[in-house]
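Asks: To start, I am sharing the structure in question, which I have written as structure tokens.
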């Protein structure tokens, strides 16, 4: 059983999002008198010892905080979130150093439990986690590696789930079964219930990552109802354009890959946006890495449309309400970045500078490479 | 011909037309990224229109609901599949074709 | 045969021909992903063909087959994408 206050050391990693969710969950579920606090700390390593913390570290902590708030928002709790940098004046090198720094922070802030991201590996060295865990235990602090999904699947993909999730999943499976069966005969009810139970028992801790409360869900559904016609219209337009381009004897295409940071957060909105991008005018989502979208655009025009951000705004409207729709578009935010494949970067340089000039998004992130 | 029959004919014809566009795109476009454009978009709309014809044919009953489900399902899975394929290709390091590449691999060789 | 069923069967026939044409891409490649795209498009065409034939003949139970086929088609794309990339993190 984990204690009330939780400490999570964070670094950029693929499983960070789920680790944050897990830490917040365990803080919520812990039963204690005082409201628990989740601390996210960023251990600064060697080169960042002096001066202010690097921008990307700040950015990461901000993102982690936003995630945690988002997870908390959906429940009624009084869990608090705090972020900090640790190890500023130290030379963190081996697991012992990390454990010392974390333990010091833990005692200062009354933290009993450390939750570790399974991919947490700041210095890029060979296995840090098992020794770090041992060191923390030695210093009298509970350490736990978050049981979250990671690409290599050494940990189960299960997450914590409540009975509510089981019931909802069962309901969906049962309802779908009856719909396909098309009758309410006792036989169908019985077989449907059994199948639903099997499905729910197998999957209740994997699917359905969390629940919004009913009012939020209703709001989202209503706005989704507004979004659907818009999306359908965009799809229709997309197809006429594609049909024109494909059937045109000269094949007037000018494909290019653009990359930009979308201003949407959390899984479902990101998935919706990615699918919407794929369905609409000449754009195809190649990769999504957290908020960073890699999009293949078929023509110059579609590239411009994408960065004008109409879709993005619509998705934000669906999930976060009207106020969120007013965030500036990707082009205004300078969120675009030029894409560099791992294979050969240099052959792209010429095209990259082209696309920058077109979109007017000539910013510092590209300047270094093109100079 | 009743309006219903006309609707069915129009929807079915639209479905076939966009399936045809998808096929031409898959055969004619120069690389797999552009091909998956036509596969994900035109094919989805084509399937949607054809299934619309099926819905209208069945009228208001359970089969129509199933056809609608099928439509919704394809609307979700087709772009996802296209995305997964494109991503797999990107991870393997397959370069996207660009206009000034000069390496028009399989461009003009295919036409129906 | 009624007008509606001949229209639907005609559409199904056209889709069969279109699918056959796409088989060229399936044979030709050149990359694995090209083939997956081709199979995916052919698969969704077959789903539509099944649905059209179901509507034309009034055989409603064939729609269930179409649903299962659509599921399998999606799984196939995802599975192949996943296994052509070494580390298993495609989706």
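Residue numbers (the working numbering), protein chains in the order written: chain S, 1 to 371; chain A, 1001 to 1112; chain P, 2001 to 2091. Virtual Cβ for every residue (Gly too), placed ideally from N, Cα, C.
For residue 1067 (chain A) versus residue 1012 (chain A), is the C-beta distance shorter than 7 Å?
Replies: If you number the second chain from 1, residue 1067 (chain A) lands on position 67. If you number the second chain from 1, residue 1012 (chain A) lands on position 12. Not closer than 7 Å, so no.
Asks: Closer than 7 Å, CB to CB, is residue 2057 (chain P) near chain A or not?
Replies: Here residue 2057 (chain P) is taken as the residue at index 57 of the third chain, counted from 1. Cβ-Cβ to chain A under 7 Å: no for residue 2057 (chain P).
Asks: Applying the criterion that 16 or more other CB atoms from any shown protein chain within 10 Å of the CB defines a buried residue, is residue 167 (chain S) buried or exposed?
Replies: Here residue 167 (chain S) corresponds to residue number 167 of the first chain, with the count starting at 1. The residue is exposed, with fewer than 16 neighbouring Cβ atoms inside 10 Å.
Asks: For my contact list, residue 1035 (chain A) and residue 2037 (chain P) are in at a C-beta cut-off of 8 Å; report their separation, rounded to the angstrom.
Replies: Position 35 of the second chain, counting from 1, holds the residue named residue 1035 (chain A). Position 37 of the third chain, counting from 1, holds the residue named residue 2037 (chain P). So it is a contact: roughly 5 Å between Cβ atoms.
Asks: My guess is that residue 1098 (chain A) and residue 1075 (chain A) are in contact by the Cβ rule of under 8 Å, so how many angstroms apart are they, rounded?
Replies: To locate residue 1098 (chain A), count along the second chain from 1; it is residue 98. To locate residue 1075 (chain A), count along the second chain from 1; it is residue 75. In fact, because the Cβ distance is near 30 Å, the residues do not count as touching under 8 Å.
Asks: Find the nearest neighbour of residue 2041 (chain P) within the set P:2016, P:2063, P:2009, P:2003, judged by alpha-carbon distance.
Replies: On the third chain, position 41 is the one that residue 2041 (chain P) refers to. With distances taken between Cα atoms, residue 2041 (chain P) lies closest to P:2016.
Asks: Relative to the C-alpha of residue 372 (chain S), which candidate in S:97, S:143, S:118, S:297 has its C-alpha closest?
Replies: Within the shown structure, residues of chain S are numbered from 1 to 371, placing residue 372 (chain S) beyond reach of any answer.
Asks: Could you name the residues of the same chain whose beta carbon sits closer than 6 Å to that of residue 61 (chain S), not counting the 5 residues immediately before and after it, in chain order?
Replies: As a working note, residue 61 (chain S) is residue 61 in the first chain. Taken in chain order, the residues that qualify are 42, 83.
Asks: DSSP on residue 14 (chain S), reduced to helix/strand/coil?
Replies: On the first chain, residue 14 (chain S) is found 14 positions in, with the first residue counted as 1. Coil, per DSSP.
Asks: Any idea what DSSP makes of residue 2071 (chain P), helix, strand or coil?
Replies: Here residue 2071 (chain P) refers to the residue found at position 71 of the third chain. If DSSP states are grouped into helix, strand and coil, residue 2071 (chain P) belongs with the helices.
Asks: On the DSSP bridge list, what partners appear for residue 113 (chain S)?
Replies: Reading the first chain from its first residue, position 113 is the one you call residue 113 (chain S). Paired residues: S:6, S:142.
Asks: Counting only beta-carbon atoms, is residue 2070 (chain P) nearer than 7 Å to chain A?
Replies: As a first step, residue 2070 (chain P) is located in the third chain; it is residue number 70 there, counting from the start. So yes, residue 2070 (chain P) belongs to the interface.
Asks: Taking 8 Å as the threshold, find out whether the stretch 1015-1025 of chain A comes into contact with the stretch 1048-1063 of chain A through three or more Cβ pairs.
Replies: Output reads yes: the stretch 1048-1063 of chain A touches the stretch 1015-1025 of chain A.
Asks: So, at 6 Å on beta carbons, what are the nonlocal neighbours of residue 373 (chain S) in its own chain, with the 5 sequence-adjacent residues on each side left out?
Replies: Because chain S is modelled from 1 through 371, residue 373 (chain S) falls outside the range shown and cannot be assessed.
Asks: Given residue 268 (chain S), which residues of its chain have a CB within under 8 Å of its CB, disregarding the five upstream and five downstream residues?
Replies: Stepping through the first chain from its first residue, residue 268 (chain S) is reached at position 268. Hits under 8 Å: 319.
Asks: Kindly indicate which three-state DSSP category residue 2007 (chain P) falls into: helix, strand or coil?
Replies: The sequence position of residue 2007 (chain P) within the third chain is 7, counting from 1. In this structure, residue 2007 (chain P) counts as helix in the three-state DSSP scheme.
Asks: Counting only Cβ pairs nearer than 7 Å, list the residues of chain B close to residue 1057 (chain A).
Replies: Absence of chain B from the displayed structure is noted, the protein chains being S, A and P.
Asks: Rounded to whole angstroms, what is the Cα-Cα separation between residue 102 (chain S) and residue 5 (chain S)?
Replies: Locating residue 102 (chain S) in the first chain gives position 102, counting from the first residue. Locating residue 5 (chain S) in the first chain gives position 5, counting from the first residue. For residue 102 (chain S) and residue 5 (chain S), the distance between alpha carbons rounds to 13 Å.
Asks: Helix, strand or coil for residue 1017 (chain A) per DSSP?
Replies: In the second chain, the residue the question calls residue 1017 (chain A) occupies position 17. Three-state result, residue 1017 (chain A): helix.
Asks: Do we get a CB-CB distance below 7 Å when we pair residue 1045 (chain A) with the residues of chain S?
Replies: Start at 1 with the first residue of the second chain, and residue 1045 (chain A) comes out as number 45. Taking Cβ atoms only, chain S reaches closer than 7 Å to residue 1045 (chain A), which makes this a yes.
Asks: Kindly list the residues whose CB is nearer than 7 Å to the CB of residue 278 (chain S), restricted to its own chain and excluding five residues on each side of it in sequence; keep chain order.
Replies: The residue labelled residue 278 (chain S) in the question sits at position 278 within the first chain. Excluding positions up to five away in sequence, the list reads 284, 285.
Asks: Using 7 Å as the limit for Cβ to Cβ distance, is residue 346 (chain S) near chain A?
Replies: Numbered from its first residue, the first chain carries residue 346 (chain S) at position 346. The pLDDT assigned to residue 346 (chain S) is 35, lower than 50, so where the model puts this residue is not dependable; a value taken from the coordinates is nonetheless given after this. Taking Cβ atoms only, chain A never reaches closer than 7 Å to residue 346 (chain S), which makes this a no.
Asks: If you draw a straight line from the C-alpha of residue 156 (chain S) to the C-alpha of residue 38 (chain S), how long is it?
Replies: Taking the first residue of the first chain as position 1, residue 156 (chain S) is located at position 156. Taking the first residue of the first chain as position 1, residue 38 (chain S) is located at position 38. Reliability of the predicted coordinates at residue 156 (chain S) is poor, the pLDDT of 48 falling under 50, and no value is obtained from them.
Asks: Please state whether DSSP places residue 1034 (chain A) in a helix, a strand or coil.
Replies: Here residue 1034 (chain A) corresponds to residue number 34 of the second chain, with the count starting at 1. Residue state, collapsed to three classes: helix.
Asks: So what does DSSP say about residue 120 (chain S), is it helix, strand or coil?
Replies: One-based indexing of the first chain puts residue 120 (chain S) at position 120. Residue state, collapsed to three classes: coil.
Asks: Should residue 1082 (chain A) be flagged as near chain S, meaning a C-beta pair shorter than 7 Å?
Replies: By 1-based counting over the second chain, the position of residue 1082 (chain A) is 82. Chain S, which has a Cβ nearer than 7 Å to the Cβ of residue 1082 (chain A), makes this yes.
Asks: Determine, using beta carbons only, whether residue 2046 (chain P) comes closer than 7 Å to chain A.
Replies: Position 46 of the third chain holds residue 2046 (chain P). No - not a single Cβ of chain A is within 7 Å of the one on residue 2046 (chain P).
Asks: Is the stretch 2043-2054 of chain P touching the stretch 2006-2020 of chain P, taking contact as three or more C-beta pairs under 8 Å?
Replies: The stretch 2043-2054 of chain P is in contact with the stretch 2006-2020 of chain P.
Asks: Between residue 2049 (chain P) and the rest of its own chain, which residues show a CB-CB distance below 6 Å, the 5 nearest in sequence each way excluded?
Replies: In the third chain, residue 2049 (chain P) corresponds to position 49, counting from 1. If we look at residue 2049 (chain P) and ignore the five residues flanking it on each side, its Cβ neighbours are 2012, 2015.
Asks: With 8 Å as the C-beta to C-beta threshold (strictly closer), list the residues of the stretch 169-182 of chain S near chain A in chain order.
Replies: So the close ones are 179, 180, 182.
Asks: Straight-line CA distance for residue 2039 (chain P) to residue 1082 (chain A)?
Replies: In the third chain, counting from the first residue as 1, residue 2039 (chain P) sits at position 39. In the second chain, counting from the first residue as 1, residue 1082 (chain A) sits at position 82. Rounded to the nearest angstrom, the two C-alpha atoms are 12 Å apart.
Asks: Am I right that residue 67 (chain S) and residue 17 (chain S) are in contact with their C-beta atoms under 8 Å? What's the rounded C-beta distance?
Replies: Locating residue 67 (chain S) in the first chain gives position 67, counting from the first residue. Locating residue 17 (chain S) in the first chain gives position 17, counting from the first residue. Going by Cβ atoms, the distance from residue 67 (chain S) to residue 17 (chain S) rounds to 6 Å, so yes, they are a contact pair.
Asks: How would you call residue 1033 (chain A), buried or exposed, if buried means at least 16 neighbouring beta carbons within 10 angstroms?
Replies: Residue mapping note: residue 1033 (chain A) aligns to position 33 of the second chain, counting from 1. With 16 or more Cβ atoms within 10 Å of its Cβ, residue 1033 (chain A) is classed as buried.
Asks: Let me check understanding here. Comparing Cα to Cα, which of S:232, S:197, S:139 lies closest to residue 170 (chain S)?
Replies: For the purposes of this step, residue 170 (chain S) is taken as the residue at position 170 of the first chain. Nearest option by C-alpha distance: S:197.
Asks: For a cutoff of 7 Å on Cβ pairs, would you count residue 349 (chain S) as touching chain A?
Replies: Working through the first chain from its first residue, we reach residue 349 (chain S) at position 349. Only weak support exists for where residue 349 (chain S) lies, its pLDDT of 35 falling under 50; the coordinates are left without a value.
Asks: Roughly how many angstroms lie between the CA atoms of residue 2022 (chain P) and residue 174 (chain S), to the nearest whole one?
Replies: As a working mapping, residue 2022 (chain P) is identified with position 22 in the third chain. As a working mapping, residue 174 (chain S) is identified with position 174 in the first chain. So the alpha carbons of these two residues sit roughly 38 Å apart.
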